[in-house]
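Residue numbers (the numbering used here): 974 to 1178. Don't be surprised by glycine CBs; every beta carbon is placed ideally from N, CA and C. Small disclaimer: the values here were computed from a predicted structure and weren't measured. First the structure, in the form of structure tokens, and then the observations on it.
Here's what the structure looks like:
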């Protein structure tokens, strides 16, 4: 169970810090309408991701007897995590351009996250297979993975909203860049583990 808790924590931190449509919305809302508005946007995944998780786990559970299919999905997930890790290593901070941003709302945050491909790709190729593997161990392991992932995902974005509210230069500072690059190295290691699991499922290893 501890391994799934750690994996959820790492992935949640990375997703929380990573630049993307939702983080951009959190930042613009915070700087235009205050920290409370940014926090409301940060909470959008609570509503948008639940149907994705349910559908993904249902589909993958039906495929649980097809080891080769799960192996291919695991390798795709490893490549996706590798891509995220490399992007983290290349980060140079986030530049803010508020002149092009319009007022946002919690409903807008839901729409932005629902239309982003990242939650769908993540849960089908990474989060779903890990949850299925955790459920094979016990239900508590699966809950610890999903719970730690969302606590860190939402918590990180909330903390970033607070930090941006206090300092507009934080996202271009050395601490943010160092954190992103450290997470990049960890994600690349995690990608290697997922790739190995995929090869095991394909009976290559």
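Asked                                                                                                                        : Found
Contact belief for residue 1168 with residue 988 at Cβ below 8 Å, rounded distance in angstroms                              : Incorrect: roughly 20 Å between the Cβ atoms, too far for contact.
Entirely enclosed alpha helix (DSSP H) segments - the stretch 1105–1139, minimum 4 residues                                  : 1112–1139
Backbone CA spacing between residue 1136 and residue 1159 [nearest angstrom]                                                 : 24 Å
Proximal residues to residue 1072 (C-beta, below 7 Å), its chain only, five neighbours per side dropped                      : No answer about residue 1072 holds up, because its pLDDT of 48 lies below 50 and its placement is not dependable.
Reduced DSSP category for residue 977 - H, G, I as helix; E, B as strand; rest coil                                          : helix
Counted within 10 angstroms of its Cβ, other Cβ atoms place residue 1142 as buried (16 or more) or exposed                   : exposed
Three-state class that DSSP yields for residue 1039 in the structure shown                                                   : coil
Sufficient close CB pairs (3 or more, under 8 Å) joining the stretch 1008–1021 to the stretch 1034–1053                      : no
Cα-Cα separation, residue 979 to residue 1128                                                                                : 16 Å
Anticipated Cβ contact below 8 Å, residue 1085 with residue 995, distance rounded                                            : 6 Å
Extent of the continuous alpha helix (DSSP H) run through residue 1064                                                       : Run containing residue 1064: none; DSSP gives neither H nor E here.
Residues of its chain near residue 981, where Cβ-Cβ distance is below 6 Å and the 5 sequence neighbours each way are ignored : 1118, 1121 and 1122
Stretch-stretch touch, CB-based, cutoff 8 Å, three pairs: the stretch 1082–1102 with the stretch 1022–1032                   : yes
Own chain partners of residue 1157 with C-beta closer than 6 Å, once the 5 adjacent residues on each side are dropped        : 1058, 1061 and 1062
7 Å Cβ shell around residue 1161 - same chain, five flanking residues per side excluded                                      : 1055 and 1058
Beta-carbon gap between residue 1021 and residue 1083 smaller than 8 Å                                                       : yes
CB contact flag (residue 1015, residue 1130, <8 Å)                                                                           : yes
Between the CA atoms of residue 1140 and residue 1093 - distance to the nearest angstrom                                     : 32 Å
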